[in-house]
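Quick note: the sequence shown, position 68, residue 69 per the numbering used here, numbers continuous.
Ideal Cβ positions, reconstructed from N, Cα and C, are used throughout, including at glycine.
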Amino acid sequence: MVVRKPRKDLVDLYLRFRWLLRGLRDLPSADILLLPHTEALLAEVAQAWRDGKPLPLHKLLESEGLGHFNTIRRRIQQLEESGYVEFRGLESDSRVKLVVPTAQAMQFFSEYALLIRRAGK
Numbered sequence: 002m003v004v005r006k007p008r009k010d011l012v013d014l015y016l017r018f019r020w021l022l023r024g025l026r027d028l029p030s031a032d033i034l035l036l037p038h039t040e041a042l043l044a045e046v047a048q049a050w051r052d053g054k055p056l057p058l059h060k061l062l063e064s065e066g067l068g069h070f071n072t073i074r075r076r077i078q079q080l081e082e083s084g085y086v087e088f089r090g091l092e093s094d095s096r097v098k099l100v101v102p103t104a105q106a107m108q109f110f111s112e113y114a115l116l117i118r119r120a121g122k
């Protein structure tokens, strides 16, 4: 059996990746956002908000790709209780609740981006 010499660039990439994962677990927000699909749900909310089209709660609950209705509701409630999202009513229709990211969520994304930037160096 021939053992090839490992490529240094691939080894470095792997080690940076491991460092990044450890850094993400050490973020203060890691407790709630490392739950399955919770970070993806927060990213969905933040992306819609960034695009100027905040998502109404009922639209999120209907999103098949994010999980079952009850699971999504529970995750949104956990994100709200943890301070990552808040609900805002529409001026034109008080029955509609928009789910929007908070400053704490934006801080999480900033910390996450800094780790990604450091891992890429």
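- Task: Alpha carbon to alpha carbon, how far is K6 from L126? Give it in angstroms, no decimals.
- Result: Since the first residue shown for the chain is 2 and the last is 122, residue 126 is missing from the structure and cannot be characterised.
- Item | R89 - DSSP class collapsed to helix/strand/coil | To locate residue 89, count along the sequence shown from 1; it is residue 88. If DSSP states are grouped into helix, strand and coil, R89 belongs with the strands.
- Rounded separation between V100 and I117 - CA only: In the sequence shown, counting from the first residue as 1, residue 100 sits at position 99. In the sequence shown, counting from the first residue as 1, residue 117 sits at position 116. Straight-line Cα distance between these residues: approximately 26 Å.
- Quick one: is R75 near chain D, going by C-beta distance under 7 Å? In summary, chain D is missing from the structure at hand, where a single protein chain is found.
- T39 versus S95, K60, R74 and L56, residue with shortest Cα-Cα distance: Within the sequence shown, numbered from 1, the residue matching residue 39 stands at position 38. Among S95, K60, R74 and L56, the Cα nearest to that of T39 is on R74.
- Within 10 angstroms of the Cβ of A106, are there 16 or more other Cβ atoms? Answer buried if so, exposed if not. Here the question's residue 106 lines up with position 105 in the sequence shown. With 16 or more other Cβ atoms within 10 Å, it is buried.
- Item | Proximity below 7 Å, CB of A47 to CB of P102 | Here residue 47 is taken as the residue at index 46 of the sequence shown, counted from 1. Here residue 102 is taken as the residue at index 101 of the sequence shown, counted from 1. Taking 7 Å as the Cβ cut-off, A47 and P102 qualify as a contacting pair.
- Query: For the alpha helix (DSSP H) that L99 lies in, which residues bound it at each end?
  - Reply: Against the sequence shown, residue 99 aligns to sequence position 98. That residue, L99, is in no alpha helix (DSSP H); its beta strand (DSSP E) goes K98 to P102.
- Message: Using a 10 Å radius around the Cβ and a threshold of 16 neighbouring Cβ atoms, would you call K54 buried or exposed?
- Response: In the sequence shown, residue 54 corresponds to position 53, counting from 1. That one is exposed.
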